[in-house]
Amino acid sequence: MFLLKLAFRNIAHSGIRAWLNIIALSFAFVAIVLTEGLYDGLSEQVKDAEIDSNVGGGQFWQKNFDPYDPFTFDMSHSVIPADLNKEIEKGNASPVMIVSASIFPEHHIQSVRINGIDPDQKVVNLPAAILKGYSDTDYIPGFIGSRMAKNSGLKTGDYVSTRWRNIKGTFDAGDIRIIKIIDIAAPLNDREQIWIPLDKLRKMMQATGQATLIILKKNVDKINTISSDWVFKDQDFLLKDLNENIKRKKIYSTFFYIILLGIALLAVFDAQVLSIFKRRKEIGTLIALGMTNWSVNLLFAFEGCMIGLFSLFAAVLYGFPLLYYLAKKGIVLPTMVQQSQFAIGLTLYPKYGLKLFIMTGMILIVSVFIVSFLPTRRITKLNPTAALKGK
Amino acid sequence: MNNSCIIKINGLVKDYPMGKKFFRALNEINLSVNTGEFCGIVGPSGSGKTTLLNIVGALDNPSDGDAIVMDKNVNDLNPKEAAKLRNESIGFIFQTYNLLPVYSVFENVEFPLLLLKKNKEERKELVMRALEWVGITDKANSRPNQLSGGESQRVAVARAMVKSPTIVIADEPTANLDAANSHNILGTMLRLNNELKTTFLFATHDEKVIGYLRRKVVLNDGRIVDDVKVN
Chain A
298 MFLLKLAFRN IAHSGIRAWL NIIALSFAFV AIVLTEGLYD GLSEQVKDAE IDSNVGGGQF
358 WQKNFDPYDP FTFDMSHSVI PADLNKEIEK GNASPVMIVS ASIFPEHHIQ SVRINGIDPD
418 QKVVNLPAAI LKGYSDTDYI PGFIGSRMAK NSGLKTGDYV STRWRNIKGT FDAGDIRIIK
478 IIDIAAPLND REQIWIPLDK LRKMMQATGQ ATLIILKKNV DKINTISSDW VFKDQDFLLK
538 DLNENIKRKK IYSTFFYIIL LGIALLAVFD AQVLSIFKRR KEIGTLIALG MTNWSVNLLF
598 AFEGCMIGLF SLFAAVLYGF PLLYYLAKKG IVLPTMVQQS QFAIGLTLYP KYGLKLFIMT
658 GMILIVSVFI VSFLPTRRIT KLNPTAALKG K
Chain B
96 MNNSCIIKIN GLVKDYPMGK KFFRALNEIN LSVNTGEFCG IVGPSGSGKT TLLNIVGALD
156 NPSDGDAIVM DKNVNDLNPK EAAKLRNESI GFIFQTYNLL PVYSVFENVE FPLLLLKKNK
216 EERKELVMRA LEWVGITDKA NSRPNQLSGG ESQRVAVARA MVKSPTIVIA DEPTANLDAA
276 NSHNILGTML RLNNELKTTF LFATHDEKVI GYLRRKVVLN DGRIVDDVKV N
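In order, the protein sequences belong to chains A and B. Note that my numbering has the first sequence beginning at 298, numbered continuously upward. Note that my numbering has the second sequence beginning at 96, numbered continuously upward.
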C-alpha cells in the first residue's frame, strides 16, 4: 500500500514525460478498441447485408444448382412445388431464376448471370420494384449494380444485346435495357449479373412456373417440402465462405492489434529504462533512506503500472465519447472500399462489446506491468554506493 | 549519557576490482566510535573516507574484517536487514543533498517516517519539529529546485534527523556550500549532537568542518594515520 501511495505520488508530481506516456498509451488503447470495433462492425454489417440482400433465412436450391459452376445453371430449373408456392404466396419466400447468358456491350462479349426476380417480392433487400410496369415493352427491363456497370461500361438507358439458351437448348437473343444502376451492398448480387423480372425470364426460357432457388424470409424458420428436386441450404451453409473470409481477415486485425500494443509498450519500456538511468541517484537515496533494492524495484514497476491505469482512465475520458459518436454516426466509406468484395453499405458502424473493452484494458495493464517490471530488474543489481553518485 | 561503543571496526579491508587486479581502498582499519561522538574521518580525496562511511552505513560490504554497527556485523546482514538498520538507526547527509526532486520539503523530510510507518499526526509533528531544528519551517511547501544550496542541505539534515537516529553519517556535507552556510549547518549539527546525543560521523577534508570536530580520524591511502580527540 505504501509503495502504491509512493508510486502515485511520484507519477502525480512527475514531469511531462510521464504524462506524455499516459497520453500515448491511451491513444493506443482507443486505437485498438476502434480498430477492433471497426472490424467487428464490418464483419457484422457484411453478414447482415449478405443475409438481407442475398441469403435471407435460408434457401431452397434446385438440386442441380451449384453457384460456383455456371454450366449447371442450364439444368437448374424446376417447377416450384405446391407447398413452397404456398409460402411464396404468403410472402414468406421468393423465387429466383438464374440463367447464364452472354451480353455484347460495346461490341465485346461478356458472360453474365441473368437473375429473374419477382418485382413484388419483399423477402430480400433488392429494389426489385423498379422492374414493375414493363410487362408490355418489346425490350427486357433490367437493373445492374454499380460494380457490374463499371466492369461492363453499361449506363442507364443503354440497350445491350443478350444471348441465352432456353430449357430446350435453343439459343435465343434479345435486348435488355438498363433501366437503373443501383448500389448493391452484396457483391454476390452485383458482379456479372443483370436483374430482370422473373416472368420475363420465364418467358425467355420457356420455363413457366420454374425457378432455380427460393429464398426464405429472414425470420422464417425452415419450411419443409416433399419435393426431392429442392434441397434446403441453411444460413450457416450459405454464409460458410463469408465466415471463413472474415476469419482470415481477423488475422490482419490481430496483427494490427499487436503492432499498436507493441508500439505503446515499447514507449513505456523505453521511458522506464530512461527513467531508471536518470533516477539512479534517487534510487541510491531511497536505498540509503531504508528501502530495499526490491522495494525500489517494485516502486518503479508500480509507477509503470499506474501509467497504464491512468492511460486507461484518460482513454475512457476522451475515448468513450469519441467511440460512442463513431458508433452512432458511423464512418462514411470511400468508393474504393464500397467496390470491394465485401457486402458493406455506404457507412460503416463500429461495434464494441464489453468483452473488447475489458480484454483490451486487461491486456494493456498486464503488459504495461510486465514491460515496466523488466527494466527495473537491474535495480536489484544496482550498487547503492554507485547509485548515490548517479553512476 | 551512555558512552558505549556504537561502531566497532576490526581489521577492515575493502578491495575494488580493477581489471584483473584489485585496488585496496581500505587497509586493516581498526576504529571504535562511542555514542554521542562528533567524529570526522579526515583525509585527502581517494583516501577511503566515503568507502568507510558506506560500510558503516550498511550500504556496502567489507572485503575482509568486521564492521559492527549497533551490535550488528554489516557483513552478516542480508539486504532486508541492512535496509532495516539504515531505516531505523542511521541518518544520511550527502554532499549533493540528494533530495527527492518531485517532493516538497515537508514530503522529503517526511519520507523516512513513511518508511517507519508512522501515522499521519505523528509524522506531521516530527517533520515540523525537524524543520524547526534547522530553521526552515517557512520552506515546508517549497520544492528542492526552489531552495538555495544552504537551504537544501538544511532540509537534508532535517531528513536525517527527523527519525532521531542513533547515528548520522555525513559525507562531505559542506563541500557544496559557502563559508556562511557551512558554519550554519555545522552549528546546527553540533547543537543537535549536544541536545539529542546523536552520534555524528563525518567524511571531510574541509577545514571548516575539521574545526568543529571533537574527534579527528585521519585516513591516508586507506590506512588510519592519526586519531586525535579535540577539546
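Idealized CB from N, CA, C, for every residue including glycine.
Can you have a look at A:THR467 and say buried or exposed, based on whether 16 or more other CB atoms are within 10 angstroms of its CB? exposed
Since A:TRP695 sits in a beta bridge, which residues does DSSP pair it with? This structure does not reach residue 695 of chain A, given that chain A is present from 298 up to 688, and the question cannot be answered.
Using the Cα positions of B:ALA270 and B:GLN190, report the straight-line distance between them to the nearest angstrom. 6 Å
Who are the Cβ neighbours of A:ALA504 in its own chain at under 6 Å, not counting the five residues just before and after it? HIS374 and ILE464
Specify, as a first and last residue, the run of the alpha helix (DSSP H) that A:SER311 falls within. Per DSSP, A:SER311 belongs to no alpha helix (DSSP H) and is neither H nor E.
In chain B, which residues lie less than 9 Å from A:PHE299 when you measure between Cβ atoms? LEU209, LEU210 and LYS212
Whole-angstrom C-beta distance between A:SER608 and A:ILE319, which should lie under 8 Å: 5 Å
Per-residue contacts from A:GLU601 into chain B (C-beta, under 8 Å): Residue identity check: residue 601 of chain A is Gly in the sequence provided, not Glu. In chain order: nothing, as chain B lies at least about 16 Å away.
How big is the Cα-Cα spacing for A:ILE411 and A:ASP417? 18 Å
Bridge partner(s) assigned by DSSP for A:TRP461: A:ALA398 and A:ASP469
Three CB pairs or more closer than 8 Å across the segment 483-498 of chain A and the segment 439-449 of chain A: yes
Quick check on this structure: which residue in B:VAL222, B:GLY152 and B:PHE117 has the alpha carbon closest to the alpha carbon of A:ILE584? B:GLY152
Interface residues of the segment 665-682 of chain A facing chain B [CB-CB below 8 Å]: ASN680, PRO681 and THR682
Rounded to whole angstroms, how far is the Cβ of B:TYR198 from the Cβ of B:GLN248, which I believe are closer than 8 Å? In fact, because the Cβ distance is near 16 Å, the residues do not count as touching under 8 Å.
Within 10 angstroms of its Cβ, does B:MET284 collect 16 or more other Cβ (buried), or is it exposed? buried
Chain-ordered residues of the segment 311-337 of chain A with a beta carbon less than 7 Å from chain B: SER311
Close beta carbons around B:MET96, own chain, < 8 Å, minus the five adjacent residues each side: Here the model assigns B:MET96 a pLDDT of 43, short of 50, so the residue's position is not dependable and the matter cannot be decided.
For A:MET298 and B:VAL229, I'd like the C-alpha separation in whole angstroms. 31 Å
Could you tell me whether the Cβ of A:ASN307 comes closer than 7 Å to any Cβ of chain B? yes
Within the same chain, show all residues whose beta-carbon is closer than 7 Å to that of A:ASN590, passing over the 5 residues directly before and after it, in chain order. ILE584, ILE676, THR677 and LEU679
Coarse secondary structure for A:LEU623, derived from DSSP in three states: helix
Apart from the five residues on each side of it in sequence, which residues of its chain come closer than 6 Å, Cβ to Cβ, to A:ASN422? ASP349 and SER350
Compare the Cα-Cα distances from B:TYR111 to each of B:GLY245, B:GLY317 and B:LYS324 and report the closest residue. B:GLY317
Compare the beta carbon distance of A:LEU645 and A:GLY627 with 7 Å and say whether it is the shorter of the two. yes
Below 8 Å on the Cβ atoms is my contact criterion, and I expect A:LEU510 with A:GLN356 to pass it. Report the Cβ-Cβ distance as a whole number of Å. 5 Å
Alpha-carbon spacing of B:ALA177 relative to A:PRO618, whole angstroms: 52 Å
Touch test, the segment 113-124 of chain B against the segment 272-282 of chain B, Cβ-Cβ under 8 Å, three pairs minimum: no
Measuring only between beta-carbons, confirm whether B:ASN193 sits less than 7 Å from chain A. yes
Between the segment 293-311 of chain B and the segment 133-141 of chain B, are three or more C-beta pairs nearer than 8 Å? yes
Distance between A:LEU685 and A:LYS575 (C-alpha atoms, nearest Å): 12 Å
In this structure, does DSSP put B:PRO207 in helix, strand or coil? helix
From B:VAL187 to B:PRO196, what does the alpha carbon distance come to, in whole angstroms? Correcting the residue type first, residue 187 of chain B is Phe in the shown sequence and not Val. For B:PHE187 and B:PRO196, the distance between alpha carbons rounds to 17 Å.
Report the neighbours of B:ASP155 on chain E: residues whose CB is nearer than 7 Å to its CB, in chain order. Among the chains of the structure shown, chain E does not appear; the protein chains present are A and B.
I think A:ARG514 touches A:GLY413, with their Cβ atoms under 8 Å apart; what is that distance to the nearest whole Å? Correcting the residue identity first, residue 514 of chain A is Lys in this sequence and not Arg. About 19 Å separates the two Cβ atoms, so there is no contact after all.
CA nearest to the CA of A:GLY454, picked from A:PRO438, A:ARG444, A:ARG462 and A:VAL396: A:PRO438
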